[in-house]
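Numbering of the sequence shown is given in the working numbering, commencing with residue 64 and proceeding in unit increments. Just below is one structure, and these are the notes that go with it.
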Amino acid sequence: MDDPKVSLTSRVTLLRGFPCFASLSVEQIDQLAGYLHEVHYSPLQSIVSQHDLIDSVYFIVQGSAEVTHEIINKKIIKSVPVALLNENESIGLNEKGFYSITGQRTATVKAVTPLLALKLSLADLTNFLQKNHLEKVMFASAKQTLRMHFIKQSLPFANLSPQRLKWLAERIKEKKYKAGDVIFNQGEMGEECYLIEAGEVGIVFQSPLGEIKLLAELSPPTLFGEATLITKSSRNATAKALTNCNLFVLRYEDLSELIESETNVAQMFMTLMVDRSRPLKNPSVSVHQRTAADGETITILKNEMTGKYFKLSDEGAFIWHALNGKQTLQDITMDLAHHFHVFAPDMVAALISKLNREGFISNIHVTAPVQDKRSSWVKKLKKIKKLFASRIAFGDVDPWMTTFYQRFIRYFFTPAASVIWLILVIAGFLSFAVNTQSVLLFFAKKHISLLLLLGLIPFSLIAAFLHELGHAFAVKAYGREVHFIGIGWNGFLPIAFTDTSDMWLATRKPRMMVNLAGVYVDFFLAGMAALGILLISNPYLQGILWLFSLYTYVSALRMLSPLKEMDGYYVLMDWLEKNKLRHASVAWLVNKFPRSITNPRLFRENWPEVSYWVLSILYLVFITTITVIIQKSVYVALGIHTPSPYLTLIIPVLVFFLSCMNILIEIKNQSAE
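Next comes the structure, spelled out in structure tokens:
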């Protein structure tokens, strides 16, 4: 037999961490440690199964395990995750006693990671207790552990550390109520919330007209009454004991400390409050649908009052239609599981929270009671960062945008105007190419002064704003709305932005045209600046115009990159009708590409992702080639000679890696998951 990996000292330390064993003598705990046997489990391997007879208790030494409980809904058995067990926690100690008095497991436990545990058989435990006459002492000292395990079963406290659970178990008080007793009344201010240990509690609401309605019947281990403490409002219903009840009472001061110090507890309380509500759709929201190229129906919500939009998948649309003010989050989750065979309470809660935050739900008002505990220097650093990444938005611009478009801009979208634009773009590019050598020779003689570079700043600001106006007026050309536009800066670069979200309701081609409109404006501006070189003779002004043309051409090519979330990427995403295209493409490259090499059918099945990578590679080849050509022209014009041809590759290689740095990071992150 192999030597044990867990030493006697480690076993004793582990056992002493449980209050039920803490008072044992050195001799007794050494004896108990000798009864422990090491067991190993692989990921997804069952440790214990619900309804099985209890024959042992486990203590986790390394790894983690998931606890699930089976529920039956509409004759379908679902396994619901209820807790995650980690190192120094046990399997088999529950709220009914040192081990279940029913003699059966109340849940299933599976290893999540490779797991090492110490197993204590029920026979050995009973023998130890009887031999040392410890039955009464053991069960009395076990009360603290059992209380900790019971608290952990309540959703907001499921991820608390053992230390925090022990802290909480020491602070809660027990109260007993007889059937019919009122726990609290509607309209009262509260200083306590309650966790049901045993019995059933009814939540009763009385309307202004005096009508009384039973909203819910709560059973262990449900937490209730917390909304009053979090929102500092009066009780919105009355709580009555339906049977004899034993409740754990948690005071406001202790709950506040938990919420302020434990981020996951605060988040779970917000989820719980959403869960208790019965979300109702905002009546000012309209629903629009379109079918993507892959056949998926995309649902888009539009808030007519705020001009905000929200895109939903099939599952998201199902959840949206279920928000009728009558169903709780649990009801919606179970209906989703029945229709889509997906049990995802976290997804449902997250979606409803986002919809509520964006104003698409009318009857939930939740504010997270968390404090900003960051140090003062971190807060100051964030303020400084904001100064270098600021935006100024101008809202409610659609009326004047519509007027301006109808009076002037619409003529630029006629077929004749489009031909003229194309001619000017081509002529401008030819002028840029023809004048490049003469401008570079001028720079070689006079050198580029700081004044010339500073002259680019106002031109670049204007170009950024006109780029976004190109998007905005293209939206108006398709009869859609523009709710806001704005300007700002990111670092030392000027930026502008416009709201084109109303185009989500349009078909594929109009969306692509709107995304390309800004780049087309860039090429037009660069071309016009290059044509201006032919009309003036001042070499300094020619230099500024040429630099502006170069800057704008480079900016246009950068915006066409499919590797970053810019115009080119959104055009590609619309063309392929694939949401989150880049993320899906990276996932395909990491997970499916190796198998696709030996099975070409997988390439056809994932043609949007394959197309993304082909076009991305072509883009990288194109910009690298352009960089080499421009660099060579500059070297020739300025008479620059490099001692080694490899040195000329430095700039093209830098351009290549800077262009794909974000995607390389995403590939690395996906590979690590």
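Backbone N, C-alpha and C define an ideal beta-carbon position, used for all residues, glycine too.
- With contacts defined as CB atoms closer than 8 Å, residue 560 and residue 549 qualify as a contacting pair.
- When only Cα atoms are considered, residue 179 and residue 106 end up about 11 Å apart.
- Around the beta carbon of residue 346, fewer than 16 other beta carbons sit within 10 angstroms, so the residue counts as exposed.
- 8 Å or more divides the Cβ of residue 370 from the Cβ of residue 531.
- According to DSSP, residue 184 shares a beta bridge with 119.
- Burial state of residue 399 is buried, judged by a 10 Å Cβ sphere holding 16 or more other Cβ atoms.
- For the 8 Å CB-CB criterion, residue 665 and residue 655 form a contact.
- Annotated three-state conformation of residue 458 is strand, per DSSP.
- Taking a C-beta distance under 8 Å as the contact criterion, residue 266 and residue 302 qualify as a contact pair.
- The beta carbon of residue 424 lies closer than 8 Å to those of 342, 343, 344, 345, 386, 415 and 418 in the same chain, with the five residues before and after it left out.
- Between the region 487-499 and the region 563-582 there are fewer than three inter-stretch CB-CB distances shorter than 8 Å, so the stretches are not counted as touching.
- For residue 631, the enclosing alpha helix (DSSP H) covers residues 630-639.
- The region 689-705 and the region 669-676 do not touch, with fewer than three beta-carbon pairs separated by less than 8 Å.
- With respect to residue 311, residue 237 sits close: the two C-beta atoms are nearer than 8 Å.
- Taking one beta carbon from each stretch, the region 103-121 and the region 168-184 have 3 or more pairs nearer than 8 Å; the two touch.
- Within the model, the alpha-carbon separation for residue 571 versus residue 634 is close to 9 Å.
- As DSSP reads the structure, residue 552 sits in a beta bridge with 453 and 557.
- Within the DSSP secondary-structure output, residue 470 pairs in no beta bridge.
- When secondary structure is reduced to three states using DSSP, residue 387 falls in the strand class.
- Look at residue 109 here: in three-state DSSP terms it is strand.
- A direct Cα-to-Cα measurement between residue 404 and residue 384 gives close to 18 Å.
- Assignment of residue 324 by DSSP, reduced to helix, strand and coil, places it in the helix class.
- Rounded to whole angstroms, the gap between the alpha carbons of residue 505 and residue 692 is 20 Å.
- Taking a C-beta distance under 8 Å as the contact criterion, residue 626 and residue 732 do not qualify as a contact pair.
- Under the three-state reduction of DSSP output, residue 104 falls in the strand class.
- If you look at residue 399, you'll find it isn't in any beta strand (DSSP E); it sits in the alpha helix (DSSP H) that goes 392-403.
- Counting other Cβ atoms within 10 Å of its Cβ, residue 412 reaches 16 or more and is therefore classed as buried.
- In the same chain as residue 527, and ignoring 5 residues on each side of it, the C-beta atoms closer than 8 Å to its own belong to 550, 557, 558 and 559, in chain order.
- Secondary structure within the region 268-300: the beta strand (DSSP E) runs of 3 or more consecutive residues, fully enclosed, are 275-281 (chain order).
- Within the model, the alpha-carbon separation for residue 600 versus residue 350 is close to 58 Å.
- Taking every protein chain shown into account, the CB of residue 360 has fewer than 16 other CB atoms within 10 angstroms, so this residue is exposed.
- For residue 499, the enclosing alpha helix (DSSP H) covers residues 478-509.
- DSSP places residue 240 inside the beta strand (DSSP E), whose first and last residues are 236-240.
- Residue pairing from DSSP leaves residue 94 without any beta-bridge partner.
- Counting every other CB atom within 10 Å of its CB across the protein chains shown gives residue 562 a total of 16 or more, marking it as buried.
- The beta carbon of residue 362 is closer than 6 Å to those of 352, 375 and 380 in its chain, skipping five residues each way along the sequence.
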